[in-house]
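Notes follow once the structure below has been shown.
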Amino acid sequence: MENFNLILPEIFIALSIMFLLILGVFKKDSSKLIFNTSQLILLITAVITINETFSVNRVTLFKDSVVIDQMSSLMKIITLLGAFLVLTISTNYLKTFKLFKIEYPVLVLCSVLGMMVMISSNDLIVFYMGLELQSLALYVLATFNRDQLQSSEAGLKYFVLSALSSGLLLYGCSLIYGFSGSTNFDIISNQLNSNEYVLTFGIVFIIVGLAFKISAVPFHMWAPDVYQGSPTSVTLFFTMVPKIAALTVFIRFLYVPFLNLIDQWQMIIVFLSIASMLFGAIAAIGQTNIKRLIAYSSIGHIGYTLAGLATGTNEGIQSSIVYISIYIIMNLALFSCLLMLKRNNKYYEDIDDLSGLSKNHPLLSLSLLAILFSLAGIPPLAGFFAKFYIFKAVIEQSMFFLAVVGLLSTVVAAFYYLRIIKIIYFDEEKEKYDEDHSIWLKFSLTFSTILILLYFIFPSQLIDVVSRINII
Amino acid sequence: MNFPILSSLILLPTIGALFLFFTKDKEGNNSTAKYVSLFTTSVNFLISIYLWVSFDQSTSNFQFIEDRTWIEGFINYKVGVDGISILFIILTTFITPLCIISVNNSVKKRLRDFLIAILILESFMIGVFCALDLVVFYLFFEAGLIPMFLIIGIWGGPRRVYSAFKFFLYTLLGSVLMLVAIISIYWISGTTDVIKLYELGIDAKYQNLLWLAFFSSFAVKTPMWPVHTWLPDAHVEAPTAGSVLLAAILLKMAGYGFIRFSLGLFPVASEVFTPLIYALSVIAIIATSLIALMQEDMKKLIAYSSVAHMGFVTLGVFTLQQQGIEGSIIQMISHGLVSAALFLCVGVVYDRMHSRLISSYGGIVTIVPKYSILFMIFTLAALGLPGTSGFVGEFLILMGVFKDNFLVAVLASIGVIIGAAYMLWLYKRVVFGKLINSDLKSMMDLDRSEYFILTCLAIPTLYFGFYPDPLINTIEVSVNDLINMYNRNLIIK
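Chains as they are written, first to last, in this note's numbering: chain B, 968 to 1439; chain V, 14 to 506.
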């Protein structure tokens, strides 16, 4: 008899999705109700996850195709809380654009369910199923503002490129299945014979597919267009939540079945990491649209996360998870600021619109100052510690080249963050923006900014939680 | 000693800044903000004096140590002072209140924010000089960039954006390599605690690379030729108080870093790279002195003279003679006082005439006699006249260099002569000569606060010039033991 308690969160969220769909069909004007309920559902699921699975060390279910361990629980909680915050802070934005419809939270829940399946997957088929569930929901979310040409274009582009990457991924899966005779991660790892070059092909195809999903260079082409075209609330979702799930799968895939083949994939990850860090830093310099700039900066940040993965140690994995957690907080704060740039029911998203913000909105610009310096990795802000852990793990494996290139690219990246700060603080002011933001938006900005500013006082806490993750 | 006196020194300005943050920012004359920050920094100065009084000069051990776990099993928050660092802390706490008094005339807009930036900067600067853990040191060292970037960028002159970016990116580029080195040291030795590293020593085969990584950071910050180009730009564009802090304290972080880390941790590499430092320092002394001769902008001239003076400092540090290192420390303290005063002197005339060009002045000696006298004291101190603190430092450094390398000493002495030339010529052109510009006739002499600041700076300059014993007594044992440790670690490896 399987222990269903462990996948209670997934069951609960799946049932809720069906319930909400039915509710939405039969009850008129229920979008507000459904928004609130889905936020509640995400919170409840997070609580269930903490309750049921947080103390579990490692259990596999359904003939080893699903795994519940420390990493899956932690990543699920981050995903759920991230999705919850995204929903809460974007209500005003959605109302302004008349996107406040019942489908929106249901699609978010669907993609979250897909991510949770991905995070727990211990089998290529389960993993692929979760991936497609989340991707399909995300395609629709990207085109959600269907009256706008850019949004439709974003969705279509995302769909085509993502489908291509899914194809590559499936091809890789089939190669691996062909040579190991199983789709289960544990069995594959037992039957590996590292002399098989075709296995390497399989790994490469899967890495390519996953690199598409986390938008690592050179598979990043979709990210800037999709980020810019999608509604801002969806962009926020894109930059935060799917990355966690994709990263978890990345870690599990590389470290459970293929740890012995580290010589084969380490070079690839190092290349992806260096290319992403450098490209993200250089390409962001010329951008004028904030969302597009965030797309490039997120490519750069994924590069740092991959640097942690490339080490092949538990420490590296932990540092990557710390990095992505801190990155998510910084991103949340940045988008909260972006969602506050509203004047007369119009949202502004060009960098020049920030000009002289510090005169009219001193507090908002102070938060932006902290966020941007933190993204640039300047101590004593949280972003510095994130980079610090990564490079500590990297240097402990004597990968000095990666460390030096990574740190030099932070200097290049600092340039475009400084440029935004310059526009906010040194340039002439423009008109005032509205100040009637929802309480949740203010809360999320204050909360995340305080976390960024004061992280240095208690840096051990996050490490303590993450250090329980031992994959190898 | 249970009371965390060093942490309170670090934290107090930040608390003051937090307090200011919650006061209202009034346009125009915001006296509340000024008094709050002046009070905070003055209290900080008194605490640091108390620190000096209760400091035990007979030992080179670190005192007032605080050691707390910060990141479990990895980094401890560890601070403490020895004879070398305590002087820099006092310099910092001494200069900052004077800066705050000086903002009266130079900062017109957003005074409250300016004071917040200065207070936070003070916290970071004190932190740099107290830190006894490499990561903690790096944290403070880098964090200081943020307030300085804003000070130059928001309150600076017409080319402030360019200068602020140049300052930030140059320094960051140098520092990231130091971060790699710090993490590598943890990887090699398993600790970043400076005291433990002093005892353990670092494996000789890694030292050269690590030394170069630290050097890249300190060379930019010092600044040494040829990476000094950010300094004139930053100085020219920064508001007076910003220039003062930059010249008086931020530059000293690197000189301090050379003594504490480059010598202390990497003796083998220091031995290898001493010729490099000598060469760069001599080039800096002679080349930047010549450049300073040709400057038409007063601030730029003093900025280049700073590069030359810091060239003497690096020269002295790497002589590895008792006199050389002591001279470097005294030179840094003296340069902290004198360059601060010179920038304030330029600020005084700039606030009145809104020009920093030397050619727009001349013959003001009869119009502003008080100013002329004080300006003269600092000019003479900058060129190292006996009886001023500048002389003690330069003399000791040259003595140390003569023991070590005759040729370098001769070249550096030539730099002293050129130094005298550009300072005296500057003074002559600004203060003496014919009064051509008739606008100058209406120039006011020093007001009370300016007079107070410059006198405050002149007293220690002259006092330590005639009687440098208090400084030398404080640093003597620490420097001596540093050299002993250096030679010990050199032999073991």
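By construction, the Cβ of each residue, glycine as well, lies at the ideal position given by its N, Cα and C atoms.
Check: DSSP bridge partner residues for residue 309(V) (one or two, in chain order); Outcome: Residue 309(V) is not bridged to any residue.
Check: Residue nearest to residue 1321(B) in terms of C-alpha spacing, selected from 1068(B), 1392(B), 1186(B); Outcome: 1392(B)
Check: Any C-beta of chain V under 7 Å from that of residue 1168(B); Outcome: no
Check: Three-state secondary structure (DSSP) of residue 1027(B); Outcome: strand
Check: The segment 205 to 216 of chain V contacting the segment 173 to 187 of chain V, beta-carbon criterion three pairs below 8 Å; Outcome: no
Check: Between the CA atoms of residue 1085(B) and residue 1213(B) - distance to the nearest angstrom; Outcome: 8 Å
Check: Check whether residue 1057(B) and residue 1149(B) have beta carbons under 7 Å apart; Outcome: no
Check: Chain B contacts made by the segment 129 to 155 of chain V, where a contact means CB separation under 9 Å; Outcome: 137, 148, 151, 152, 153, 154, 155
Check: From 1407(B), 1047(B), 1433(B), residue whose alpha carbon lies closest to that of residue 1302(B); Outcome: 1407(B)
Check: Per DSSP, the bridge partner or partners of residue 79(V); Outcome: 92(V)
Check: Beta-carbon gap between residue 157(V) and residue 142(V) smaller than 7 Å; Outcome: no
Check: Neighbour flag for residue 200(V) against chain B, beta carbons, 7 Å; Outcome: yes
Check: Within chain V, the residues that residue 1385(B) reaches when beta carbons sit closer than 7 Å; Outcome: 178, 181
Check: Proximal chain B residues relative to residue 255(V), where beta-carbon distance stays under 7 Å; Outcome: Those do not exist, as residue 255(V) stays about 14 Å from chain B at its closest Cβ, beyond 7 Å.
Check: Between the CA atoms of residue 351(V) and residue 474(V) - distance to the nearest angstrom; Outcome: 7 Å
Check: Inter-stretch contact at 8 Å, needing at least 3 Cβ pairs: the segment 1019 to 1026 of chain B / the segment 1408 to 1416 of chain B; Outcome: no
Check: Neighbour flag for residue 1076(B) against chain V, beta carbons, 7 Å; Outcome: no
Check: C-beta atoms of residue 251(V) and residue 240(V) nearer than 7 Å; Outcome: no
Check: Any C-beta of chain B under 7 Å from that of residue 263(V); Outcome: no
Check: Chain V contact for residue 1331(B) (CB, 7 Å cutoff); Outcome: no
Check: Residues within the segment 1333 to 1345 of chain B neighbouring chain V, beta-carbon criterion of under 7 Å; Outcome: 1340, 1345
Check: Residue 1389(B) (DSSP reduced to helix, strand or coil); Outcome: helix
Check: Supposed contact pair residue 147(V) and residue 235(V) - C-beta distance, whole angstroms, cut 8 Å; Outcome: Actually they are not in contact, since the Cβ atoms of residue 235(V) and residue 147(V) sit about 19 Å apart, beyond 8 Å.
Check: Segments assigned alpha helix (DSSP H), at least 4 residues, entirely inside the segment 265 to 319 of chain V; Outcome: 280 to 306
Check: Residues within the segment 991 to 1010 of chain B neighbouring chain V, beta-carbon criterion of under 9 Å; Outcome: none
Check: Contacts that residue 207(V) makes with chain B (C-beta to C-beta distance below 8 Å); Outcome: Those within 8 Å of residue 207(V) in chain B number zero; the least Cβ separation is about 18 Å.
Check: Test: residue 1370(B) CB closer than 7 Å to a CB of chain V; Outcome: yes
Check: Interface flag, residue 166(V) vs chain B, CB-CB below 7 Å; Outcome: yes
Check: Neighbour flag for residue 111(V) against chain B, beta carbons, 7 Å; Outcome: no
Check: Within-7 Å CB hit, residue 230(V) to chain B; Outcome: no
Check: C-alpha distance - residue 407(V) paired with residue 495(V), whole-angstrom precision; Outcome: 21 Å
Check: Contacts around residue 1204(B), its chain only, beta-carbon distance under 6 Å, and the 5 residues preceding and following it disregarded; Outcome: 1053
Check: Chain B contacts made by the segment 406 to 424 of chain V, where a contact means CB separation under 7 Å; Outcome: none
Check: Range covered by the alpha helix (DSSP H) that runs through residue 1453(B); Outcome: Residue coverage of chain B in this structure runs from 968 to 1439, which leaves residue 1453(B) outside it and unanswerable.
Check: Short Cβ contact (7 Å threshold) for residue 1255(B) with residue 1318(B); Outcome: yes
Check: Reference residue 161(V), options 222(V), 262(V), 193(V), 144(V), closest by Cα; Outcome: 262(V)
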